[in-house]
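Everything below concerns the one structure shown next.
Number of protein chains: 4
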Amino acid sequence: MAERKRKIVNDPVYGFITIDHPLIFALISHPYYQRLRRIHQMALAHMVYPGAMHTRFHHSLGAYHLMSCALSELKGKGVEITDEEEIAAKMAILLHDIGHGPYSHALENGIIEGVSHEKISQWLMEELNKEMNGALSLTIEIFNGRYHKTFLHQLVSSQLDVDRMDYLNRDSFFTGVSEGVIGYDRIIKMLTVQRNELMVEEKGIYSIEKFIVARRLMYWQVYLHKTVLSAENMLVKILKRAKELALKGVSLYASPALEYFLYHTITAANFEQEPACLQQFCLLDDYDILSAIKVWANHTDPVLSLLCKWLTNRHLFKCLLSNEAFDTSAITLLKTQVQERYGISGHDLDYFVFTGTASLSAYNINNERINILFKDGTVKDISSIDNALVSHTLAIPVKKFYICHPKI
Amino acid sequence: MAERKRKIVNDPVYGFITIDHPLIFALISHPYYQRLRRIHQMALAHMVYPGAMHTRFHHSLGAYHLMSCALSELKGKGVEITDEEEIAAKMAILLHDIGHGPYSHALENGIIEGVSHEKISQWLMEELNKEMNGALSLTIEIFNGRYHKTFLHQLVSSQLDVDRMDYLNRDSFFTGVSEGVIGYDRIIKMLTVQRNELMVEEKGIYSIEKFIVARRLMYWQVYLHKTVLSAENMLVKILKRAKELALKGVSLYASPALEYFLYHTITAANFEQEPACLQQFCLLDDYDILSAIKVWANHTDPVLSLLCKWLTNRHLFKCLLSNEAFDTSAITLLKTQVQERYGISGHDLDYFVFTGTASLSAYNINNERINILFKDGTVKDISSIDNALVSHTLAIPVKKFYICHPKI
Amino acid sequence: MAERKRKIVNDPVYGFITIDHPLIFALISHPYYQRLRRIHQMALAHMVYPGAMHTRFHHSLGAYHLMSCALSELKGKGVEITDEEEIAAKMAILLHDIGHGPYSHALENGIIEGVSHEKISQWLMEELNKEMNGALSLTIEIFNGRYHKTFLHQLVSSQLDVDRMDYLNRDSFFTGVSEGVIGYDRIIKMLTVQRNELMVEEKGIYSIEKFIVARRLMYWQVYLHKTVLSAENMLVKILKRAKELALKGVSLYASPALEYFLYHTITAANFEQEPACLQQFCLLDDYDILSAIKVWANHTDPVLSLLCKWLTNRHLFKCLLSNEAFDTSAITLLKTQVQERYGISGHDLDYFVFTGTASLSAYNINNERINILFKDGTVKDISSIDNALVSHTLAIPVKKFYICHPKI
Amino acid sequence: MAERKRKIVNDPVYGFITIDHPLIFALISHPYYQRLRRIHQMALAHMVYPGAMHTRFHHSLGAYHLMSCALSELKGKGVEITDEEEIAAKMAILLHDIGHGPYSHALENGIIEGVSHEKISQWLMEELNKEMNGALSLTIEIFNGRYHKTFLHQLVSSQLDVDRMDYLNRDSFFTGVSEGVIGYDRIIKMLTVQRNELMVEEKGIYSIEKFIVARRLMYWQVYLHKTVLSAENMLVKILKRAKELALKGVSLYASPALEYFLYHTITAANFEQEPACLQQFCLLDDYDILSAIKVWANHTDPVLSLLCKWLTNRHLFKCLLSNEAFDTSAITLLKTQVQERYGISGHDLDYFVFTGTASLSAYNINNERINILFKDGTVKDISSIDNALVSHTLAIPVKKFYICHPKI
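Residue numbers (the UniProt record's numbering), protein chains in the order written: chain A, 1 to 408; chain B, 1 to 408; chain C, 1 to 408; chain D, 1 to 408.
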């Protein structure tokens with residue numbers, strides 16, 4: 001009985017995840033991938049949903065599991081997928097979030113402005129491909145949508161990809177927002193391929209509707225929950241302030257990796273030209289950020305220390321959501337109140353009273369559509385089907401305005 | 001430690017259901033209520049979803065549990081509800097389905113045409129009220145919407161009642177259609193009362209949307225699943241044929257109760273004037289029907305025997321759903337084919353080839369609306385809220401056409 | 001894309017069950033197998049656990065699913081299993097309960113004494129094999145333990161077979177007794193084969209312990225629950241009495257199939273010599289029994305009518321469990337009280353006051369043991385492992401005594 | 001409608017947790033309690049079970065929820081519990097883990113030897129009681145077992161306390177080890193009180209057995225999993241080495257709080273005499289430790305850097321479990337191999353090759369026993385009941401030996 005190395009990982013969402021290929025082992029063991037263990041999938045959402053502590057490591061492992069299921073289902077239906085393509089697609093999904101830094105959104109808005117995590121993913125994949133002697137070439141082709149079997153890319157990245165399926169499942173599981181649960185197993189069983197494009201069989205229409213509605217609910221109830229917005233905006237402000245102080249030469253407690261990004265102006269060019277930049281990035285995770293913030297709570301800069309103390313102890317800003325923009329007078333009034341109560345003034349008030357927008361297209365008709373394959377062979381975009389929920393409402397983007405401020 | 005009688009019942013859906021009042025015990029022990037143990041909640045849906053064997057007994061017990069939770073939540077929020085009202089509301093929900101016969105839909109269309117289960121529920125409640133010396137008077141007032149605390153009636157019967165919440169939960173649990181799951185616990189926590197009307201707090205909007213979408217999905221995927229429609233229509237035809245034969249004097253195997261309803265023309269007047277009628281009705285359940293059908297599979301009438309043999313062995317009619325009505329030529333063609341293949345002819349063909357319609361209003365704007373209470377005190381119907389899914393799509397009734405016929 | 005017929009069935013326990021082989025379709029569609037839809041897996045346990053309405057049809061489908069998982073796991077570990085063996089093993093598990101009649105235990109003790117359901121299963125398999133032109137020959141060999149790859153038989157029938165795994169899962173799911181849940185997916189991942197024998201890998205020991213403890217719990221808490229024992233013994237008594245009356249020539253309402261078994265003395269010889277016997281048996285299910293009992297509630301025989309009325313309306317006997325046998329004086333006293341209260345006398349009292357025993361070996365060391373394969377290649381029976389729960393306690397059979405009687 | 005402040009928290013384990021008392025709000029909002037958000041409940045177990053990222057904050061909130069359920073159940077059974085006692089018991093359970101530091105076990109063995117987390121809990125409760133003007137006095141009495149209603153203490157701390165119930169539930173939920181699931185809701189419904197002692201009703205025996213078996217399984221399969229032991233021992237060694245270096249005056253990256261504990265010899269006396277000590281302790285959490293370890297991976301001390309690099313990248317020690325102690329020759333051999341391969345020598349080898357023991361009493365007969373109350377009023381310890389699993393096996397402590405070493 002020849003037995004090849006085979007490992008099962010307990011996953012509360014799917015039961016067990018099986019890993020059984022040397023390339024997959026190699027990838028998962030790589031420090032770049034292990035780093036994702038130290039990055040929370042949902043950033044600070046655990047301040048509202050205490051269960052939401054799961055990591056990007058766990059999420060991409062889950063997405064890999066769904067990819068395995070989807071490929072096996074498609075092969076069972078006669079879709080031709082070679083072993084090489086299968087491994088490449090699995091590695092593509094494992095790597096899809098590899099470029100995320102800690103508190104991605106906050107990082108990109110506070111410290112490394114203008115460098116997206118997608119870009120960093122690309123650089124890291126190329127780096128890994130070199131290390132692995134080209135074993136990731138097909139993976140990168142699939143990832144970038146340049147491989148002719150388009151459905152492999154669509155499984156990695158589209159409006160019905162295994163990334164979304166996993167994060168909806170996983171985030172609703174760990175937050176306990178049971179309403180975000182989707183029928184992923186049914187959706188996967190309804191997947192099919194026609195002319196290299198990913199399709200959903202006709203009888204899967206209601207599951208797709210439900211999937212889109214679940215995503216919409218998760219956005220408004222969880223990802224864009226006003227208190228989550230508040231916490232994450234406080235973090236953006238903290239990182240902005242820290243960088244501002246650092247660039248002025250003020251001394252700040254920081255790990256070497258965090259120091260690197262605080263005390264330098266970083267652009268895409270740095271990543272491309274200085275190997276140290278990407279290396280330092282790969283040392284950065286949630287632990288650097290939060291441990292610094294706790295220390296900064298005692299910094300001499302009142303803006304920084306106040307924000308850090310509040311975030312650490314969960315004294316979060318009030319956050320108000322509205323369908324209309326807030327007018328300037330409301331903002332001015334709040335700033336005056338904050339000035340009186342906390343002694344903050346001038347531009348520093350922008351760290352304490354600010355507005356923003358949150359928006360969502362539950363379904364985007366312009367991009368990577370979800371195709372339904374009818375029994376008679378016709379193909380329709382989900383949003384163009386009679387009676388479907390999607391056409392009328394879910395395809396319209398929704399935008400909300402919010403304002404944040406300390407308790408007054 | 002004074003301990004009053006208290007019983008807990010294991011329920012796979014909610015964990016445990018507690019019964020702790022003598023009137024509730026009395027009601028549940030009554031033969032009229034025990035009869036519901038022998039009536040499947042989902043009729044023949046188990047032919048498609050094998051887990052769907054749960055009973056109306058179990059469903060009404062579940063709805064009673066949700067009623068208990070809802071009342072306790074409302075009392076916790078300061079809504080005044082007396083002990084008497086509480087017990088009455090609980091008994092009202094326990095009794096809400098008491099008038100259902102076996103395979104209700106088929107029965108009403110095949111044997112006791114023109115007598116609805118709602119009507120029978122009324123008669124049975126009055127009957128029980130007499131037996132219980134008026135203990136159900138308030139229950140009946142609440143049930144019929146005549147009690148001034150309207151929210152009690154709305155919990156029993158409205159578009160957001162505990163009946164719907166339980167059957168969506170329970171039916172999705174037992175069918176395994178996980179997409180029908182609703183956030184009932186969250187919805188219950190969002191309930192409130194204003195001016196004696198049931199309301200949902202603003203932050204419950206997305207849960208309500210999800211509830212309506214889940215219901216829509218359950219209809220199209222389960223309740224109106226084409227094979228379920230096929231099985232249930234076969235049953236209608238079987239009962240119609242049996243009654244037709246019986247009224248002609250043909251001998252048919254039947255339990256005394258079933259015999260009563262087959263060999264008499266029954267109208268509402270019979271129920272009202274002949275005590276035997278209601279008594280016989282209370283002896284009738286799924287077991288009478290299915291055991292007769294198995295015997296009828298060997299009857300000399302070829303229409304009856306063929307239909308019964310097929311239903312028993314799950315050789316179901318093909319059923320085709322369409323957004324448009326089927327034209328006569330299609331029907332004629334199918335009838336010709338059936339005549340050739342099975343030797344059925346003339347009017348008898350109507351038992352084998354027939355059309356019907358299935359329709360659903362996911363949300364009905366005309367009736368027992370779902371009211372949302374905003375933080376500023378305003379109240380809006382869920383369908384009149386900006387960005388809400390309900391307004392645009394879910395409030396539009398959907399109608400589908402179907403045609404059934406044997407394999408040809 | 002060549003697509004062969006493939007059907008998925010929703011199962012609340014496992015999600016989806018896939019059927020994708022013509023022989024499996026043929027078997028499941030056969031009237032003998034469809035009959036299992038009308039036989040409750042847990043007989044009258046639903047009188048205590050209202051969710052326990054699932055059928056033998058559903059259970060054997062579930063066991064088939066676990067067999068598919070186990071075979072696929074073993075093949076993944078390099079165990080050689082041919083396509084023919086795979087299908088045969090799957091059909092063997094589908095058929096493992098085919099000989100069960102309605103309320104098997106009651107039937108075997110009340111109407112067809114001396115003919116076990118195992119025997120009937122054998123006859124039915126042979127019958128089906130003829131119909132299917134020998135397609136079941138290997139299935140029957142595996143079923144009877146005559147095939148050299150013993151592990152296939154062990155998966156069908158041993159102390160760690162997929163039958164037990166499914167019924168523990170399924171019964172705990174439908175009763176809501178969450179404590180009966182077993183880690184079936186983990187157990188299956190730990191299965192392996194050595195010298196054609198089924199083994200469990202060393203690291204699966206705790207899961208096996210848990211499995212045995214769960215089974216023990218389900219026995220005492222569910223299968224041998226005193227009220228379940230009461231209901232099932234009442235049914236035995238009803239059938240015994242009915243048969244007694246029938247053999248005396250008393251007229252009894254019954255379906256033709258039930259009539260056949262009531263009005264004839266049936267032995268194994270009848271089944272073997274008269275084809276009608278097996279045919280009638282295949283027409284018999286829960287519906288025949290329960291619908292008759294409802295009618296018998298009005299029979300002129302007071303013993304029969306009283307028992308039937310009580311069972312129908314769930315006025316069940318009191319049942320007392322004890323570690324010691326009940327002495328005769330207690331029985332005599334109860335009989336006197338029953339005689340006074342209900343006017344029953346003489347031998348008829350045996351229908352109302354009686355004792356019995358319930359026993360369980362959580363693990364049986366004499367039979368189809370569970371083997372653990374250690375990393376160093378040694379094999380040990382689970383009960384001979386140091387520190388294992390099984391050795392000391394679980395392998396000792398437990399016997400309890402019970403007494404039943406009406407309310408006095 | 002007077003509505004008092006009331007908050008619901010989503011919990012994936014129990015659905016919703018309700019907080020509705022000002023004292024509870026005050027406690028949860030306190031920085032000492034918020035700190036528990038940054039301490040993982042299961043330390044490094046997430047390296048094996050990636051879902052196990054939940055925090056001590058979440059666990060104590062869950063235990064609080066179970067306490068609420070248990071108290072409400074007991075009150076429903078007529079046990080007298082005043083409002084003040086209820087709040088005090090709830091606060092006691094919220095605070096039961098307040099003294100845990102980051103990676104408690106590692107901390108206590110590596111940095112603050114000789115100061116247990118139980119001790120620190122005591123100091124912190126007293127501290128909080130001062131701040132809250134004595135509001136915690138009754139809480140502390142209950143916590144320490146000095147209040148006459150012993151059952152309140154037993155709910156907080158005994159072999160059947162809500163702490164154990166929650167951690168078994170929660171840890172099995174987040175690890176996905178479904179076999180650790182316990183029937184907590186059933187156990188709670190079976191709780192009762194006699195002479196101020198907590199009891200379990202007779203019919204709860206099997207649930208208790210299952211609870212003890214589940215705990216045993218969780219220990220061997222999760223808490224004492226060899227790879228978990230390996231990771232946690234590596235952490236102990238890292239902290240020991242860091243402290244060793246610090247006390248020698250070597251410079252080490254550390255947050256101020258961590259620095260405090262590394263660069264001072266800390267005993268219970270320090271905590272008792274220097275307020276700074278407790279204050280610094282309350283600033284310490286997982287983030288300080290892990291972010292330092294990542295930096296130490298580049299330290300000049302080869303022992304420290306190697307251990308830190310390995311832990312960060314999950315190159316964990318091999319760990320072997322055995323029923324017997326390892327002999328010296330095996331250890332010596334391994335040390336020689338490590339010396340050759342990694343160039344470590346002398347005492348430093350003790351950081352790389354070492355042995356330890358893991359032990360468990362599934363049920364401890366000497367301490368805070370689980371009492372069963374029989375219907376006839378007798379009370380028995382669970383381990384003294386006939387046929388009960390506990391008596392024979394589960395009450396015997398099990399001890400295992402392990403050895404750890406790097407890959408060679």
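Ideal placement from N, C-alpha and C gives every residue a C-beta, glycine not left out. All values reported here derive from a predicted model rather than from experimental measurement.
Check, Outcome
"With H, G and I counted as helix, E and B as strand and the rest as coil, what does DSSP make of Y402 of chain D?", "strand"
"Which ranges does the beta strand (DSSP E) cover as unbroken runs of at least 3 residues, wholly within the region 343 to 400 of chain B, from first to last along the chain?", "354 to 360, 371 to 373 and 379 to 381"
"Using the rule of at least 16 other Cβ atoms within 10 Å of the residue's Cβ for burial, across every protein chain shown, is R369 of chain A buried or exposed?", "buried"
"So which residues on chain A does N313 of chain D lean against when the C-beta distance must stay under 7 Å?", "P31 and Q34"
"Please report whether the beta-carbon of H58 of chain D lies at a distance below 9 Å from any beta-carbon of chain E.", "You won't find chain E in this structure, because its protein chains are A, B, C and D."
"Closer than 9 Å, Cβ to any Cβ of chain A: which residues of the region 324 to 341 of chain C, in chain order?", "none"
"Where M218 of chain D and V228 of chain D are concerned, what is the direct C-alpha to C-alpha distance, given to the nearest angstrom?", "12 Å"
"On the DSSP bridge list, what partners appear for M199 of chain A?", "A:T192"
"If we count the other Cβ atoms within 10 Å of its Cβ and call it buried at 16 or more, is V338 of chain B buried or exposed?", "buried"
"I need the DSSP call for V303 of chain D, collapsed to helix, strand or coil.", "helix"
"Check the Cβ-Cβ distances between I403 of chain C and every residue of chain B, and say whether any is below 9 Å.", "no"
"Let me check one thing: in DSSP terms, what residues is T18 of chain C bridge-paired to?", "C:I8"
"So what's S322 of chain D in DSSP terms, helix, strand or just coil?", "strand"
"Under a three-way DSSP split, which group does T55 of chain B fall into?", "strand"
"H100 of chain B by DSSP, collapsed to three states: which one?", "coil"
"How is the alpha helix (DSSP H) around K90 of chain C delimited, first residue to last?", "D83 to L94"
"Please list, in chain order, all residues of the same chain as K77 of chain B whose beta carbon is under 7 Å from its beta carbon, the five residues on each side excluded.", "T192"
"Does DSSP classify E148 of chain B as helix, strand or coil?", "The question names Glu, but residue 148 of chain B is His in the sequence shown. Looking at H148 of chain B - three-state DSSP - the assignment turns out to be coil, as it is neither helix nor strand."
"Please report the distance separating the alpha-carbon of Y263 of chain A from that of I187 of chain B.", "49 Å"
"Between A214 of chain C and chain D, is the shortest Cβ-Cβ distance under 9 Å, so that the two count as touching?", "yes"
"With 7 Å as the limit, tell me which residues of the region 169 to 201 of chain D have their beta carbon closer than that to any beta carbon of chain B; keep them in chain order.", "D185 and K189"
"Check the Cβ-Cβ distances between T393 of chain B and every residue of chain A, and say whether any is below 9 Å.", "yes"
"When DSSP labels each residue in this structure, what does H46 of chain A get in the three-state scheme?", "helix"
"If you compare alpha carbons, which of A:I403, A:G180, A:Y342 and A:H59 is closest to E209 of chain A?", "A:G180"
"In chain order, what residues of the same chain have a beta carbon less than 8 Å from the beta carbon of S157 of chain C, not counting five sequence neighbours either side?", "H96, F143, G145, D163 and E368"
"If you draw a straight line from the alpha carbon of E259 of chain B to that of I112 of chain B, how long is it in whole angstroms?", "12 Å"
"Would you check if the region 55 to 68 of chain D and the region 7 to 17 of chain D touch, i.e. whether three or more CB-CB distances between them fall below 8 Å?", "yes"
"Does the beta carbon of A257 of chain C sit closer than 9 Å to a beta carbon anywhere in chain B?", "yes"
"Quick one, are the C-beta atoms of H105 of chain B and V200 of chain B less than 9 Å apart?", "no"
"Just by C-beta distance, which residues in the region 3 to 16 of chain B are closer than 8 Å to chain D?", "E3, R6, I8, G15 and F16"
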